[in-house]
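The block underneath contains the structure these notes are about, expressed in structure tokens.
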Amino acid sequence: MSALAVALVSTLGALTGQGAAADEVTVADGRKTPAIVRALRSANAPRIGRLRQGEVAEMLGSYRGWYRVRLPNGRVGYVAARDTIVVVEPTPDPASDLMVTFVDVENGDAILLKLGDVELLVDAGKSNAWKLGLGDALDAVQGPLETLFITHPHLDHYGGAADVLANLDVARVVTNGERRGPPRDRAAQKTWSYFEDAVSSEGLRVESLPVGTILTPAPGLTLEVLATGDPQGGRFRDTGAGTDINNDSLVLMVDYGGRRLLLTGDVEVAAGKALVDAYCVNRDPATCPKLRADVLKVPHHGSAHFAPALFRAVAPTWAVTSAANRGTALCLPRAESSEALHGLGARLVSTSAEGSGAAVLTISTRGDLRWKLPAKPIFAWQKRTARGPGAKCGAPITYAQGQ
Ligand SMILES: [Zn+2]
Numbered sequence: 015m016s017a018l019a020v021a022l023v024s025t026l027g028a029l030t031g032q033g034a035a036a037d038e039v040t041v042a043d044g045r046k047t048p049a050i051v052r053a054l055r056s057a058n059a060p061r062i063g064r065l066r067q068g069e070v071a072e073m074l075g076s077y078r079g080w081y082r083v084r085l086p087n088g089r090v091g092y093v094a095a096r097d098t099i100v101v102v103e104p105t106p107d108p109a110s111d112l113m114v115t116f117v118d119v120e121n122g123d124a125i126l127l128k129l130g131d132v133e134l135l136v137d138a139g140k141s142n143a144w145k146l147g148l149g150d151a152l153d154a155v156q157g158p159l160e161t162l163f164i165t166h167p168h169l170d171h172y173g174g175a176a177d178v179l180a181n182l183d184v185a186r187v188v189t190n191g192e193r194r195g196p197p198r199d200r201a202a203q204k205t206w207s208y209f210e211d212a213v214s215s216e217g218l219r220v221e222s223l224p225v226g227t228i229l230t231p232a233p234g235l236t237l238e239v240l241a242t243g244d245p246q247g248g249r250f251r252d253t254g255a256g257t258d259i260n261n262d263s264l265v266l267m268v269d270y271g272g273r274r275l276l277l278t279g280d281v282e283v284a285a286g287k288a289l290v291d292a293y294c295v296n297r298d299p300a301t302c303p304k305l306r307a308d309v310l311k312v313p314h315h316g317s318a319h320f321a322p323a324l325f326r327a328v329a330p331t332w333a334v335t336s337a338a339n340r341g342t343a344l345c346l347p348r349a350e351s352s353e354a355l356h357g358l359g360a361r362l363v364s365t366s367a368e369g370s371g372a373a374v375l376t377i378s379t380r381g382d383l384r385w386k387l388p389a390k391p392i393f394a395w396q397k398r399t400a401r402g403p404g405a406k407c408g409a410p411i412t413y414a415q416g417q
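Just add 14 to wherever you are in the sequence shown, counting from 1, and you've got this note's numbering.
This is the structure we're talking about:
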């Protein structure tokens, strides 16, 4: 088949395979009372239902001053155009929309970026991540997984990588350049060796990329390395404390459709401040075009160890936390992080919901953002009441997803 014929077929496929998404009708902004739905196009016709604030009805037709609609309960009738507004849903296009799935891997990170048949996975959760939902999320991968990124060598970020390597054709593995094992810590040597063995058994090697590297894995999609570690232990010299390892996380700015998504791994206070120092004009978070992003992957599962200046510099519209559901001893996300972000006007999303907590963001080439949010609310925990065994999380604050 010629290239032209292929182009025609794929265009037709896009037109016929998907169809245009239906327009929807909702109650006009500022209107306090529901819109009345009537059996006929007349203000005197019998009422058959009501369309309340926040509800949407499928639009079936438009007539002078009236819309024919199907209500959520299936009834069909007419609403006055002056009481309502029409919402035009953009048609999703999997070939050109960037889809970002924040997989629910409980306490850990696993973020799948998919644009057409190009897929990138940023972190792979703990060793049980595959069963928790990573395996299902990766069913979407077509052809090879172009790059597996591991932001830092902690098990809640690389534990599931061996399963990813065993089950998928992975083309490239990029880490922050750091490893685990003696002399810095003996405990993680086994699991890290297992990861490295899995990489080499696929004929791959572990790569790291210097700060400033810009990747273009698909047309229009870029990822810039804003921070990373190094094989000598990194900028935040590893004392064996988890904090040092977190602070050397690989930090990536994803750019698509004029929208930006900042992936921060587990950076804590020191690395958060260092990002502000490195990228903000006069180290002022108010003037920080390099860090500004529409969406922030909240660092370190929303822990209390964050740099408020980083949140101000990013000034996100959306803040997504990847954490376990309620009832774990880690008490994440913590109220300090969620409140700081909410206070800056960010809309909160968290995989910490009960049940499936995957959150899916779609970014169109025009920069439209659409979310499929977890159904259950976010529980942001107050400070733990005590340390050690028997420690309990303080009372939770709850937020609705996306508010
Ligand atoms: Zn982590």
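Each residue gets a CB set at the ideal place from its N, CA and C atoms; glycine is no exception. Since this is a predicted model, take the numbers as computed values, not measurements.
query, result
"Given G63 as reference, the closest of G91, Y81, V39 once Cα atoms are compared", "G91"
"F116 (DSSP reduced to helix, strand or coil)", "strand"
"Own chain residues within Cβ distance below 6 angstroms of A360, not counting five before or after", "P330, A333"
"contact_flag[the segment 295 to 313, the segment 407 to 416] where n(CB pairs < 8 angstroms) is 3 or more", "no"
"DSSP state of F250 mapped onto helix, strand, coil", "coil"
"Closer than 7 angstroms: D118 CB and nearest ligand 1 heavy atom", "no"
"For C302, the nearest candidate out of A288, H315, P313, K204 (CA to CA)", "A288"
"D137 beta carbon less than 8 angstroms from that of I377", "no"
"Distance between D37 and A49 (C-alpha atoms, nearest Å)", "17 angstroms"
"Endpoints, the beta strand (DSSP E) within which E210 is located", "Taken as a continuous stretch (DSSP letters only), E210 belongs to no beta strand (DSSP E), being part of the alpha helix (DSSP H) at 203 to 215."
"L235 versus A323, T161, L129, K390, residue with shortest Cα-Cα distance", "L129"
"Rounded separation between A35 and E133 - CA only", "Model confidence at A35 stands at a pLDDT of 46, short of 50, so the residue's coordinates are unreliable; what they give is reported in the following sentence. Roughly 25 angstroms separates the two Cα atoms."
"Inter-stretch contact (C-beta, 8 angstroms, three-pair minimum) for the segment 182 to 190 and the segment 162 to 170", "yes"
"Which listed residue (V102, P106, G139) has its alpha carbon closest to that of E120", "G139"
"G122 Cβ short of 7 angstroms to ligand 1 heavy atom set", "yes"
"Burial state of E221, where buried means 16 or more other Cβ atoms lie within 10 Å", "exposed"
"Residue list, Cβ distance to ligand 1 heavy atoms smaller than 5 angstroms", "D170, D280"
"Where the beta strand (DSSP E) containing L266 begins and where it ends", "265 to 270"
"Per DSSP, the bridge partner or partners of T189", "I164, S222"
"Pairwise C-alpha distance: L148 and V155", "11 angstroms"
"Under the three-state DSSP convention, the category G286 falls into", "helix"
"Burial state of N58 (16 or more Cβ within 10 Å)", "exposed"
"Close beta carbons around K397, own chain, < 7 angstroms, minus the five adjacent residues each side", "G408"
"Neighbour-count burial assignment, I228, 16 or more Cβ in a 10 Å radius", "exposed"
"Delimiting residues of the alpha helix (DSSP H) encompassing S366", "Premise fails: S366 is in no alpha helix (DSSP H) and is neither H nor E."
"Closest residue to G247 among D269, G195, R219, R297 (Cα-Cα distance)", "G195"
"At least 3 beta-carbon pairs within less than 8 angstroms: the segment 293 to 301 vs the segment 267 to 278", "no"
"Rounded C-alpha distance that separates G243 from V70", "48 angstroms"
"Other residues of its chain near V102: CB distance less than 7 angstroms, five sequence neighbours each side excluded", "D37"
"Continuous beta strand (DSSP E) stretch holding V328: start and end", "Not the beta strand (DSSP E): V328 falls in the alpha helix (DSSP H), residues 322 to 328."
"Beta-ladder partner(s) of T98, from DSSP", "V41"
"Residue from R200, S141, L159, D153 with nearest C-alpha to L135", "L159"
"For V374 and I125, the rounded distance between their alpha carbons", "10 angstroms"
"Rounded separation between V20 and H168 - CA only", "Per-residue confidence for V20 stands at a pLDDT of 31, beneath the threshold of 50, marking its modelled position as unreliable; no derived number is given."
"Contacting residues, own chain, Cβ-Cβ under 8 angstroms from R219 (five flanking each side not counted)", "V187, V213"
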